[in-house]
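The UniProt record's numbering applies: residue 1 is where the sequence shown begins, and numbers increase by one.
Worksheet: one structure, shown below.
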Amino acid sequence: MSLTALYQQIEDSDCIDIPEGWLQGRTIYGGLVAAMLMHKAVSAVNDATKRLLSVSVTFAGPVQLDQVKLTAEILREGKSVTTVEVRLWQQGAVQSILLASFGALRASSILVHQERPAPDYPPVESLKIAQHHPLAPECFKQMQMAWAEGQYPCTGAPRPDFGGWFRFDPNLHENREMNVADLMAAFDMWPPGVLPMYQTMAPASSLTWHLTYVHPLQNQLQDWFKYKVFTDYAGDGYSTEYAHLWDAAGRLIAISRQTVTVFA
Numbered sequence: 001m002s003l004t005a006l007y008q009q010i011e012d013s014d015c016i017d018i019p020e021g022w023l024q025g026r027t028i029y030g031g032l033v034a035a036m037l038m039h040k041a042v043s044a045v046n047d048a049t050k051r052l053l054s055v056s057v058t059f060a061g062p063v064q065l066d067q068v069k070l071t072a073e074i075l076r077e078g079k080s081v082t083t084v085e086v087r088l089w090q091q092g093a094v095q096s097i098l099l100a101s102f103g104a105l106r107a108s109s110i111l112v113h114q115e116r117p118a119p120d121y122p123p124v125e126s127l128k129i130a131q132h133h134p135l136a137p138e139c140f141k142q143m144q145m146a147w148a149e150g151q152y153p154c155t156g157a158p159r160p161d162f163g164g165w166f167r168f169d170p171n172l173h174e175n176r177e178m179n180v181a182d183l184m185a186a187f188d189m190w191p192p193g194v195l196p197m198y199q200t201m202a203p204a205s206s207l208t209w210h211l212t213y214v215h216p217l218q219n220q221l222q223d224w225f226k227y228k229v230f231t232d233y234a235g236d237g238y239s240t241e242y243a244h245l246w247d248a249a250g251r252l253i254a255i256s257r258q259t260v261t262v263f264a
């Protein structure tokens with residue numbers, strides 16, 4: 001099932017069949033869960049004059065490859081901002097919650113452009129596309145990723161963090177206009193920033209994820225993007241990190257902050 005077909009299913013029914021090919025270990029990749037929640041939120045708001053401002057996702061429990069139910073509630077609909085909550089249910093329990101704010105553009109005398117510039121990475125054509133490791137999560141096959149700095153996961157690196165280019169694999173995803181649900185599915189594909197420090201293969205998973213949407217997407221699904229992550233702190237089985245995503249033209253698209261559970 002394509003992402004387009006999945007989104008259509010979300011619009012047509014509250015009960016959704018999760019497509020195959022998105023496993024992250026024994027559970028569903030969090031980025032796909034967030035994409036489903038986001039598309040439900042956009043459909044619930046149903047207002048083209050309001051664009052995504054920010055979104056927070058809590059992954060309360062593991063989502064299995066089985067049917068899920070999505071419910072949405074508009075918490076407040078103001079003149080400028082609409083706030084919506086979406087819940088993903090499986091087997092009678094809430095497994096993930098999204099809280100998002102959508103806002104209309106407003107006149108303001110305040111204008112600040114201090115966003116972090118895109119890193120000067122070598123052209124993606126000169127880099128090696130990462131090959132899917134047999135022990136890596138199945139969902140990694142959905143993307144093409146090329147490391148431009150830092151080390152690969154589970155290589156015993158002395159320091160965390162990395163960056164590079166990535167896009168949806170053109171062999172698996174048709175080219176079309178990219179939307180904010182696609183952004184959620186793509187942005188979370190990079191592993192946590194501490195994974196290069198792992199000595200051996202071991203899991204890590206997002207616990208909470210907050211994303212600020214900066215410049216609206218003007219991209220196709222198969223376009224390349226740049227990514228860079230920075231780990232603030234890691235200890236006692238958790239880490240906190242932030243990441244930036246730019247398009248190939250150097251426009252800052254979104255800023256992410258995550259709390260990650262670390263099993264190493």
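Just so it is clear, CB atoms sit at the ideal spot from N, CA and C, and this is done for glycine as well.
With a 10 Å radius around the Cβ and a threshold of 16 neighbouring Cβ atoms, T200 comes out exposed. Look at H210 here: in three-state DSSP terms it is strand. For H173 against Q131, the beta-carbon gap comes to about 19 Å, at or over 8 Å, which does not count as contact. For K40, the three-state secondary structure derived from DSSP is helix. With at least 16 other beta carbons inside 10 angstroms of its own, G30 counts as buried. The residues M1, Q9 and Q67, in chain order, have a CB closer than 8 Å to that of D17 in the same chain once the five nearest residues on each side in sequence are set aside. Judged by DSSP secondary structure, Q8 falls within the alpha helix (DSSP H) whose first and last residues are L3 to D12. If you draw a straight line from the Cα of R106 to the Cα of D47, it comes to about 15 Å. Taking the Cβ atoms as the reference, L70 lies roughly 6 Å from V86, within the contact range of under 8 Å. Rounded to the nearest whole angstrom, the C-alpha separation of V55 and G103 is 12 Å.
DSSP assignment within the UniProt domain "Acyl-CoA thioesterase-like C-terminal" (132-262) yields the following whole alpha helix (DSSP H) runs of 4 residues or more, N-terminal first: 180-187. In the three-state scheme derived from DSSP, where H, G and I count as helix and E and B as strand, L98 is classed as strand. Going by C-alpha positions, A204 is about 6 Å away from F263. Three or more pairs of CB atoms, one per stretch, sit closer than 8 Å, so the stretch 222-239 contacts the stretch 186-199. At a Cβ-Cβ threshold of 8 Å, A100 and A41 count as neighbours. Taking 8 Å as the upper bound for CB-CB distance, Y242 and I253 are not in contact here, some 14 Å apart.
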